[in-house]
Amino acid sequence: MVIKETILNYLDQKDVTLVFPTESVKRYFLTEYVLSRKSSVLANSAYSFDEFANQFIPKFKDKRPSNKYIRIFFSSHFLNNRGSELKYFYNPQYPESKARFIPFIASILPSLKNLEAVSFNDEKIESDLKILYEAYSSFLDEKSLFEPNYFKYDLSFFTGDKSRKYYLVCYDSEINMMRFYEELNKPSFIAPLMLENNVRVEHELYKNEKAELVTLFNRLKRLKELGTRAEDIIISTPNLERLKPYLEKESREKGINLNFISTVKLSQTVAGRLFNDFKELYNTELSFYSLERFLLCPSYPFKAREVGKSLVMALTNLGLLKGSLYGFDRIENTLEKEKLFSELKLYRVIKKGVKRIFESNNMVQNIHILLSQVLEDGEFENCDEEVRNSYAFALKELNSFEATLNDLALDIKDPFTSFISTMDSISYISSEKRSGIRVYSYNQDYLLCVPYHFVIALDDDRAKVTDCDLSFLEDHEVYKRRSYDVTIPLLKYYSSTSENVYLSSSSDTYTGSANAPMYFCQEKLVKKCDVVEDDELSYAIKESLIKGNDRAFYLGNSDIKGGGKTYLDKIKVSYSTLKDYTMCPYITYLKKIIGLEYNNVSKFEPDNMDSLEIGIFLHSIVERFLCNHKNETLYANRSLSFQRELTDIFYENLSSSPFDIYSRSFINVMYFSGVVSFCDKLFEKFGDGIVVKGIEEKFSKSDGDVAFEGRIDIHLEKKSEGIVIDLKSGGTKKYQGTYQLPFYQLIWNSVNDDKIKYVSYYSFSESSFGDPEKSEELERDIDNFITKAKAGEFNTTVNEDCGSCSFRGICRRRFTIQ
């Protein structure tokens, strides 16, 4: 890898300092230097860009730098007192928009120093920005603060060693470095370092993203089989948040661990949900919904969880929909009358604690007071590492917010709500150490030199890395401003930093359509790839032709044994295997003996992809709901509560799903009713008092050289009688004639004391249950499969499904050896 060796050679020079784009890249190359050179490296041999650039701005003894919270406080204060002065960005006639506009104002304040370099198409825009700039500058002076972004870089502030040569590594792909170098007027002791990046790598263009991801994971699987270490592979993609659910799904199916190096919004953590729950309790004055959401959350380690559940049950039975923070409290009064003292005590603790949090500036202290009374000792201390760390991070941020508020002596109404409004703009970086292949956001990893580098979903729009003055304004709002575009240098670096680089995109994405990056089109480096990697398919064809006879493909015992090896050392019987063998034994041969994992081409069509993803999405909603009620008894008198919970989960999952707006609308119309009415239909069919026993339960049975296995979607129980439900997105009629559930029932009952009495399919689209037909042929088909599989009978059969069979391309009925 030429780039890696070039950088290490620069580090060998004692009078040279390298300035890397980020701290993580700096650490990477210093580590590589120590490992490869077997030598230490001087501390002044490398800086991250932020470290280096901060040496060229002024230092103040009597002023403090502004930060994100100070900007939030200023924005809130400005809109409350002078919001009517803005004519373009804010309309005071719609005060409900203020909460959304405060973070926007705070985000644009640091960039207002560039007003003079921009020409505007509307005088109102220029006027509003000047008003904000002047008001913010006055606020900073008044509070003895300064905005670090308002100072230009200046050589006079630099106190370092000017006799050294400072190289800006990959200057041509880093916009901040370009601005920095220009502002300093290109001093002689600082120089750009553009590394050699002339490697030409083809860009693979797939028909759609499903095919692109399957190809990626086929390659990863092959590397895993060859013993390649996870740390020798990197994956990156623009808009990682969009593609993450699909990567997670493929990784589970292929058994390949991924380690996502990314940030999440604070609002998406457990701590973020907790703070939002406090807000809901306060704003709705302890409504039934807010209490239920808080007390039934499985992520909170309550010290008396059963009391919380009992309180929710009491509110349901007594028809209590709302409490009160100030006046007469019907919930409190009724609980006292009913002598439900444990529930009353918990309710009063929550009520008093929530009022303290919102009506005092000691927010962190009051959160600890409330949680010490309702959660286990140590609050989240006994939860998993990620929950502990995110909670500690949230409290640290809130503490900083609180300290800034006190330092500025500002009178902010409802400060905790103001903090909650900032949580979407606060990024939490996971500190949990995970094993697996690292997955980065595009532009974070291009200098990390590893043997295998995959950059996926790299279409023309997402590959662009540009910036300009006042970038929050659209092009039609200005007619002149400075702009930067480092797209091509960045693509060239990605092509040059690894021994094996794979750059790819798709014409049809999960959310629309896209084009290959223009650079690769102009360089004639686009290679169309309409099919997945076919290593396994080629192997299957080869094996089929070697072992095949002329036509009727039959394998006797002698055919499936070679060199003392028996392919079927142990017969595994699952419903899918049994179904395949019943339809065509040759399919079982291809899948179970050869190990063929060839995907039907139709699965790569967008419509079919949507159907599969919708099924997974619907399963996840009911699964999450039932996990919340594991080992609980569900009663029909809580139907309204269950409907609300399912509704919340449905829309929460839908809003964070990768579906586009049209798919979301379709899912809402087609399946919402079936999801929300699931419990009602459950009670209607099986009666009241149903216990949730398990979700996605695997089970197995061994009998000599035969093993039976299966997986149950939902396992319930009523009066010691087992109930198994299989969830379907479509209608149940086409499944009622199959013996999927009878097979599960037969195997389960043969090895477990808790017998399954009822089995049924539930359709989300029809909002109804459908029972399977009784099968007279099930046990006969099982015995037939075991007997013939042991004998090596895997002949092909002729039926109406041959035309649509995934394996017809290698079936012996289509080819004859000449």
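Note that the numbering used here numbers the sequence shown so that position 305 is 288, with each residue one more than the last.
By construction, the Cβ of each residue, glycine as well, lies at the ideal position given by its N, Cα and C atoms.
Is DSSP giving residue i helix, strand or coil here?
i, result
"L538", "Residue placement at L538 is flagged as unreliable, the pLDDT there being 36, under the threshold of 50; a coordinate-derived value is accordingly withheld."
"A174", "strand"
"E692", "strand"
"C451", "strand"
"V152", "strand"
"I40", "coil"
"E289", "helix"
"E208", "helix"
"K738", "coil"
"I244", "strand"
"H351", "helix"
"L430", "coil"
"K803", "The structure shown does not extend to residue 803, since the chain is modelled only from -16 to 801, so the question has no answer here."
"L441", "coil"
"E326", "helix"
"T198", "helix"
Can you have a look at residue i and say buried or exposed, based on whether 16 or more other CB atoms are within 10 angstroms of its CB?
i, result
"Y16", "buried"
"T198", "buried"
"N180", "buried"
"S67", "exposed"
"D686", "exposed"
"E125", "exposed"
"H459", "exposed"
"E187", "buried"
"P86", "buried"
"K21", "exposed"
"M501", "exposed"
"L623", "exposed"
Using the Cα positions of residue i and residue j, report the straight-line distance between them to the nearest angstrom.
i, j, result
"R10", "D137", "27 Å"
"L123", "P131", "11 Å"
"D854", "I570", "Absent from the structure is residue 854, since the part of the chain shown begins at -16 and ends at 801."
"R202", "E195", "11 Å"
"R607", "T721", "27 Å"
"C280", "G306", "20 Å"
"F625", "N636", "16 Å"
"S347", "R339", "Residue 347 is actually Val in this sequence, not Ser. One C-alpha to the other measures close to 10 Å."
"L358", "D468", "52 Å"
"D443", "A499", "5 Å"
"Q728", "D663", "24 Å"
"C153", "D407", "32 Å"
"L318", "A497", "60 Å"
"Y741", "I695", "13 Å"
With a threshold of 8 Å on Cβ separation, who are the neighbours of residue i within its own chain once the five nearest residues in sequence on each side are excluded?
i, result
"S355", "E362"
"T701", "For the record, residue 701 in the displayed sequence is Lys; it is not Thr. So the qualifying residues of the chain are F669, G670, G672, I673, V674."
"K113", "L98"
"P641", "R225, L226, P228, Y229, Y493, T494, E596"
Ordered along the chain, which non-local residues of its own chain (more than five positions away) have a Cβ less than 7 Å from that of residue i?
i, result
"S683", "A690, F691, E692"
"N27", "T0"
"K613", "V675"
"S656", "S750"
"S404", "A82, I85, P86"
For the beta strand (DSSP E) containing residue i, list its first residue and its last residue.
i, result
"Y411", "410 to 412"
"H436", "435 to 438"
"K135", "It is not in any beta strand (DSSP E) - K135 carries neither H nor E in the DSSP assignment."
"D709", "704 to 711"
"V461", "461 to 463"
"Y718", "Counting along the chain, Y718 falls outside any beta strand (DSSP E), though it belongs to the alpha helix (DSSP H) covering 716 to 719."
"E231", "Where E231 is concerned, there is no enclosing beta strand (DSSP E), although the alpha helix (DSSP H) it sits in stretches over 223 to 237."
"A82", "First-last for A82: 81 to 91, but that is the alpha helix (DSSP H), not the beta strand (DSSP E)."
Go through its chain and collect everything with a Cβ distance to residue i's Cβ below 6 Å, but skip five positions before and after it.
i, result
"S638", "none"
"T630", "V659"
"Y116", "L95"
"T494", "D643"
"S171", "none"
"F649", "none"
"L298", "F271"
Over the uninterrupted alpha helix (DSSP H) stretch that includes residue i, give me the two end residues.
i, result
"D764", "761 to 774"
"G657", "644 to 659"
"H60", "51 to 65"
"D754", "Run containing D754: none; DSSP gives neither H nor E here."
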